[in-house]
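**Student:** Numbering (the numbering used here), first residue to last: 179 to 438.
Glycine included, C-beta positions come from ideal geometry on N, C-alpha and C.
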Amino acid sequence: MSMRSRSTVWRLMAGRQALRLAVLGIAFACAGFAHAWVALDVGHNLDKPGATSARGRTEFEFNRDLALEIARALQAQGVEARLINADGSIRTLTARARAASGAELLIAVHHDSVQPQFLTPWAHDGMERLRSGDRFSGFSLFVSRRSTDLGAGLRCASAIGAGLIEDGFNPSLYHAEPVPGEFKPFADRTNGVHYFDNLVVLKEATMPALLLEAGVIVNRDEEERLLDPVRMRRMAGAIARSIRSCLAARRIGAARPVHF
Ligand SMILES: [Zn+2]
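1. Excluding sequence positions up to five away, which residues of its chain have a Cβ less than 7 Å from the Cβ of residue 236?
2. Mind listing, in chain order, the continuous beta strand (DSSP E) runs of no fewer than 3 residues lying wholly within the region 219-301?
3. Specify whether the region 377-385 and the region 312-329 touch according to this definition: at least 3 beta carbon pairs, one from each stretch, less than 8 Å apart.
4. Below 6 Å CB to CB, which residues in the same chain sit around residue 302 once its five sequence neighbours on both sides are set aside?
5. Reducing DSSP to helix, strand and coil, say where residue 315 ends up.
6. With DSSP as the reference, please indicate the residues paired to residue 371 in a beta bridge.
7. Just to confirm my understanding: we take residue 344, look at its own chain, exclude 5 residues before and 5 after, and list those with CB closer than 8 Å. What are they?
8. With distance defined between alpha-carbon atoms, name the residue in 238, 332, 385, 426 nearest to residue 267.
9. When the Cα atoms are used, what is the spatial distance from residue 310 to residue 410?
10. Cβ-heavy atom distance between residue 228 and ligand 1 below 7 Å?
11. Going along the chain, which residues of its own chain have a beta-carbon closer than 8 Å to the beta-carbon of residue 399, five neighbours each way excluded?
12. Is it buried or exposed, residue 413, if we count other Cβ atoms within 10 angstroms and call 16 or more buried?
13. Let's test the definition: count the other Cβ atoms within 10 Å of the Cβ of residue 429 and tell me whether it reaches 16, buried, or not, exposed.
14. Any idea if residue 385 is buried or exposed, counting beta-carbon neighbours within 10 angstroms, 16 or more meaning buried?
15. Answer yes or no: the CB of residue 353 versus the heavy atoms of ligand 1, is any distance below 7 Å?
16. Where does residue 388 sit, in a helix, a strand or coil, going by DSSP?
17. For the candidate residues 391, 296, 375, whose alpha-carbon lies nearest to that of residue 327?
18. Should residue 216 and residue 285 be called a contact, given that it needs their Cβ atoms to be closer than 8 Å?
19. So what does DSSP say about residue 356, is it helix, strand or coil?
20. Could you tell me whether any non-hydrogen atom of ligand 1 is closer than 7 Å to the CB of residue 372?
21. Starting from residue 310, follow the beta strand (DSSP E) in both directions and report where the run begins and ends.
22. Is the CB-CB distance between residue 393 and residue 222 below 8 Å?
23. Could you tell me which of 214, 218, 225, 247 sits nearest to residue 405, measuring between CA atoms?
24. So, helix, strand or coil for residue 416, using DSSP?
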């Protein structure tokens, strides 16, 4: 199939998927509490789909699928969730932050690659692709010290990391390594949370915000694991339970009288 017709098919498929997601979004909006909702921002867009997996799938597709599972899991936990950029049409990070306005928490959903010097060419389906070594795997979480409410964002990021570890997922930790492009200091090493102060989507958000890298898609084995729908649901369930408990603790904290 030519690149042009392949692109047309992809856009049609993306359009249908977006319609389904929009219907689901309305259902989530009706099912939850009108005053409190979680924004799930699908990272990247159709024109700039982010990283490319070891087998050539775009990061945007991974992000959209996982964000949808997290939204479903949150709904099952009684927490309203709204997807931002599910159709891949949002072009600017500032527009994402604006679309999340009014949310109690913003989670940017991404999948990870590695620095170019750690990528090696390999052949897959007759195409040359890039893959990383096995040393890079696992999830990472990021918060910005320039964000509106670092304390709340960090508490939720730590809760998500702890929930994932409890369910058998491992934090990658390599973003803290002293190599060019990394060296992101730990905010909570135990739970795989780093500071990434200049991430625009985090620092421009008007609510507590965090970014999740769910796994390393240039690692061939991890790519397969990330595509497993059962594992994806388990990951989304762990994330949703952690979000629910972190938001519940925040609401209780806000409602409790302060004594001096
Ligand atoms: Zn990304």
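**Tutor:** By the coordinates alone:
1. Taken in chain order, the residues that qualify are 227, 228, 230.
2. Counting only runs of 3 or more, we get 259-262, 283-290.
3. Three or more Cβ pairs closer than 8 Å define a contact, and the region 377-385 meets that threshold against the region 312-329.
4. Excluding positions up to five away in sequence, the list reads 233.
5. Three-state DSSP puts residue 315 in coil, outside helix and strand.
6. Residue 371 is bridged to 319, 366.
7. So the list reads 416, once near-sequence residues are dropped.
8. Across the set 238, 332, 385, 426, the C-alpha of 238 shows the shortest separation from the C-alpha of residue 267.
9. Cα-Cα distance, rounded: 21 Å.
10. Ligand 1 approaches residue 228 closely enough that one of its heavy atoms is under 7 Å from the residue's Cβ.
11. Taking C-beta separations shorter than 8 Å and ignoring five residues to either side along the sequence, the partners of residue 399 in its chain run 312, 315, following chain order.
12. Classification for residue 413: buried.
13. With fewer than 16 other Cβ atoms within 10 Å, it is exposed.
14. Buried is the call here.
15. In this structure, ligand 1 has no non-hydrogen atom nearer than 7 Å to the beta-carbon of residue 353.
16. Here residue 388 sits in strand by DSSP.
17. Considering only alpha carbons, the answer is 375.
18. In contact: residue 216 and residue 285 (Cβ atoms closer than 8 Å).
19. In the structure shown, residue 356 sits in coil (DSSP, three-state: anything other than H, G, I, E or B).
20. It does not: the Cβ of residue 372 is nowhere closer than 7 Å to a heavy atom of ligand 1.
21. Run containing residue 310: 305-310, per the beta strand (DSSP E) assignment.
22. Result no, Cβ atoms of residue 393 and residue 222 do not sit closer than 8 Å.
23. The candidate whose alpha carbon is nearest that of residue 405 is 247.
24. Judged by DSSP in its simplified three-state form, residue 416 adopts helix.
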